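Asks: In the numbering used here, the protein residues as written are 346 to 463.
Ideal placement from N, C-alpha and C gives every residue a C-beta, glycine not left out.
These numbers were taken from a predicted model, which means no experiment stands behind them.
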Amino acid sequence: MKLEEYLDMWTKGEAYEIIEYLAAAMVAEEQGLSEVAQALRTIALEEASHGARAVKQAGWIKDLREYIEERIREEKEAAVKRHEEASHHEEPWKTLFEFTARDEERHARMLEGLLKRL
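(1) Work out the CA separation of Lys439 and Val381 for me, nearest whole Å.
(2) What are the boundary residues of the alpha helix (DSSP H) that Lys407 is part of?
(3) My assumption, with CB atoms under 8 Å, is that Leu460 sits in contact with Arg410. Please give the rounded CB distance.
(4) Taking 8 Å as the limit between beta carbons, can you name the residues of its chain near Ile413, skipping five residues before and five after?
(5) Could one say the Cβ of Leu460 lies closer than 8 Å to chain C's Cβ atoms, at least one of them?
(6) Measuring alpha carbon to alpha carbon, tell me which of Ala424, Leu441 and Ala360 ends up nearest Glu449.
(7) Are the segment 428-445 and the segment 390-397 in contact at 8 Å, needing three or more beta carbon pairs?
(8) Does the distance from the CB of His428 to the CB of Ala446 come in under 8 Å?
(9) Report yes if the C-beta distance between Glu392 and Ile363 is below 8 Å; otherwise report no.
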């Protein structure tokens, strides 16, 4: 397997692990297991760091300004898609899609603020 292929597979795997660890942390928190939840969040952050180091070392983010501009576009597109998806579903999915759409909009605004600082 070529390095580029392995890195793609590896980082996607790390991303999925992060999601699962954070979901497990939410379940643990709901069950009153705060220490377990915190440990799972710590593992998720470490998995994120593994992927981030690989992405950085591979040079996948070549220009910070261009990267942030692209992320702004993608965050805005994600928000539009989530709002649209919410209109097709009943609760509790509708609320989840709307909640995450607002987060995506907030992320875009935050990135726009960062872009002004570059």
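Replies: Answer, in terms of the structure:
(1) Taking the sequence shown and counting its residues from 1, one reaches residue 381 at position 36. Taking the sequence shown and counting its residues from 1, one reaches residue 439 at position 94. Cα-Cα distance, rounded: 30 Å.
(2) If you number the sequence shown from 1, residue 407 lands on position 62. Counted as a single uninterrupted DSSP element, the stretch harbouring Lys407 is not any alpha helix (DSSP H), since DSSP gives it neither H nor E.
(3) As a working mapping, residue 460 is identified with position 115 in the sequence shown. As a working mapping, residue 410 is identified with position 65 in the sequence shown. Right, the Cβ-Cβ distance comes to about 7 Å (below 8 Å), so this counts as a contact.
(4) Numbered from its first residue, the sequence shown carries residue 413 at position 68. Within the same chain, Ile413 has close Cβ partners Leu456, Leu459, Leu460 and Leu463.
(5) This model lacks chain C altogether; it includes just one protein chain.
(6) Reading the sequence shown from its first residue, position 104 is the one you call residue 449. Closest in C-alpha terms to Glu449, from the list Ala424, Leu441 and Ala360, comes Ala424.
(7) By the Cβ test, the segment 428-445 is not in contact with the segment 390-397, since fewer than three Cβ pairs between them sit closer than 8 Å.
(8) Sequence index remark: in the sequence shown, residue 428 carries index 83 (1-based). Sequence index remark: in the sequence shown, residue 446 carries index 101 (1-based). Going by C-beta atoms, His428 is nearer than 8 Å to Ala446.
(9) Position 47 of the sequence shown, counting from 1, holds the residue named residue 392. Position 18 of the sequence shown, counting from 1, holds the residue named residue 363. For Glu392 and Ile363, yes; Cβs fall inside 8 Å.
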